[in-house]
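Note sheet for the following structure.
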């Protein structure tokens, strides 16, 4: 029996036989190319990049359908590697200027960037470095023809052990037969770990030297919460682990069962805990995990999965399916949020210097009423079958709300004339993700029925920091005092006008953020379906008044690090972390 200690990645206990996954190394050409071969080599390189882009898009679609749209954003990060001039352009430059073969140029570029990031010692950059290496390896293997070993079909349940299991490998693996994942490399924030948590697969990373010690078929114990590994346990240790595994499974089921009940704090405050989805079928997972509704239905997947703008009828059937499945629970559908990092092959858009500040989301919809009105009509028609609400993304000013309401009224009048039923008082809300409208929250609240704070973009725009840009990613901090005070003011202004406030960004499903947000008065928390039971359980163990006191203390902190430290200490003293 031998014990190893790693970094906890994903909670859970697994007992099973090991499968050592060591991907065959790829071969890089050693000789340089001739100068007259450069055009052909560049063409071959760019063709491989496009082939990998197709693979990553397929991964995005698969993860969206199997787990959820939020987790699929990991592969949007992978796709961004192929759009990063520091990666692709630098590799192309090595082909042209140093006459390196395309595989060698790509891998040298990836290694140089990864080594640069490693010296900084930042968790985010470590995850970004892993992304670059993962995507670059896919390009290299596409060029050399040396494919990765497939994890798509596993013969029996196993504990997967490897040097580093990448997100693209995680996306393709036979998840039903993977009891746990253990890697020598990686961090708690690495994308493969995030995926394993969403899949409910125990994971431990950073276990140095493990691959040399493990043989295929060896019995292992993995404790994802503690980061502990036991190889070839004795009978007593094995019995204890199996008992713990049974108890852990039972505890998770208890959480799921408890999540069917309302999330009510110890002092009687009811909080709505909802799910984020991308497809109508995702409602099953939300209901299974006790979701109180759908706080965010990302409707753009109707557009991204189509060869042309989806028809009104197609959208109507999809929205209707979702609201009927949810019964009397509310389904909030965000109108088309295309642009930025989401492109449509059939909708040509002019290149923009900064697409996240450009032509996207509601800006496109208001410019293209021929695209927007079919969606509004479909949503109105679906509202006749359940509790549906409409939410507008990327609102920056009052005029955009007013213009949207005029179009909505036009659609209502058309449907009246056609004799098609819809809910006359359908709720209309807006996303609070641009600081300008956050600062006008009191005015906006007079025009709509609810707010939903999109923290991912609100942080990006408030802090002028792109979380996908490795040079400024450390500035992207949800506990930044400026961001917290902006959120607090939005909630205060909304409540002053009598409308509720939800949140559908990453903060809503973060254990550290929940007591703070509860203390600020947030009414609705929306997250990935698998996070719902844990967050509901946490809320049921909190007191609203104590959370309000915590929020007052946190808002007084001058730095994000100090604000986060206060929350961690508060949760620790109450046994929540």
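In this note's numbering, the protein residues as written are 400 to 976. Just so you know, even glycine gets a beta-carbon here, dropped at the ideal spot from N, CA and C. As the structure is a computational prediction, the values presented were derived from the model and not from experiment.
- Here residue 420 is buried. Its C-beta has 16 or more other C-beta atoms within 10 Å.
- For residue 810, the uninterrupted alpha helix (DSSP H) run begins and ends at 797-817, by DSSP.
- In the three-state DSSP reduction, residue 727 falls in the coil class, being neither helix nor strand.
- Bounds of any alpha helix (DSSP H) do not take in residue 630; it lies within the beta strand (DSSP E) bounded by 627-630.
- If you draw a straight line from the Cα of residue 617 to the Cα of residue 640, it comes to about 16 Å.
- Burial check for residue 940: the Cβ neighbour count within 10 Å stays below 16, so the residue is exposed.
- Distance from the CA atom of residue 714 to the CA atom of residue 689, rounded to whole angstroms, is 26 Å.
- By the criterion of a C-beta distance shorter than 8 Å, residue 859 is surrounded in its chain by 755, 865, 866 and 875, once the five residues flanking it on both sides are discounted.
- One Cα belongs to residue 797, the other to residue 483, and the distance between them is close to 35 Å.
- Under the three-state reduction of DSSP, residue 923 is assigned to strand.
- Residue environment for residue 710: exposed (fewer than 16 other C-beta atoms within 10 angstroms of its C-beta).
- Burial check for residue 747: the Cβ neighbour count within 10 Å stays below 16, so the residue is exposed.
- Sixteen is the threshold: when 16 or more other Cβ atoms of the shown chains lie within 10 Å of the Cβ of residue 702, as they do, the residue is buried.
- In the three-state DSSP reduction, residue 561 falls in the strand class (E or B).
- CA-to-CA, the gap between residue 937 and residue 887 works out to about 21 Å.
- Around residue 773, the same chain offers 711 as residues with beta carbons nearer than 6 Å, after the five sequence neighbours per side are excluded.
- Here DSSP, grouped into helix, strand and coil, assigns residue 875 to coil.
- An exposed status is given to residue 871, since fewer than 16 other beta-carbon atoms sit within 10 Å of its beta-carbon.
- Residue 745 sits in coil when the DSSP states are folded into three classes, being neither helix nor strand.
- Listed as beta-bridge partners of residue 827 by DSSP are 789.
- Between the C-alpha atoms of residue 699 and residue 902 there is a straight-line separation of about 19 Å.
- Of 671, 810, 857 and 744, the smallest CA-CA separation from residue 792 is found for 857.
- If you draw a straight line from the Cα of residue 476 to the Cα of residue 634, it comes to about 45 Å.
- When DSSP assignments are scanned along the region 579-613, the uninterrupted stretches of alpha helix (DSSP H) that are 4 or more residues long and fall wholly within it turn out to be 590-598 and 609-612.
- The region 719-726 makes contact with the region 779-791, as at least three CB pairs between them are under 8 Å.
- When secondary structure is reduced to three states using DSSP, residue 881 falls in the helix class.
- If you check the CB distance, residue 760 and residue 736 come in under 7 Å.
- The Cβ atoms of residue 412 and residue 647 lie closer than 7 Å to each other.
- Counting every other CB atom within 10 Å of its CB across the protein chains shown gives residue 935 a total of 16 or more, marking it as buried.
- As DSSP reads the structure, residue 402 sits in a beta bridge with 629.
- When DSSP states are grouped into helix, strand and coil, residue 695 belongs to the strand group.
- Around residue 969, the same chain offers 949 as residues with beta carbons nearer than 6 Å, after the five sequence neighbours per side are excluded.
- Approximately 6 Å separates the beta-carbon atoms of residue 585 and residue 591; this is inside 8 Å, confirming the contact.
- Rounded to whole angstroms, residue 822 and residue 806 show a C-alpha spacing of 16 Å.
- For residue 487, the three-state secondary structure derived from DSSP is helix.
- The shortest C-alpha to C-alpha distance from residue 629 to any of 623, 638 and 619 is the one to 619.
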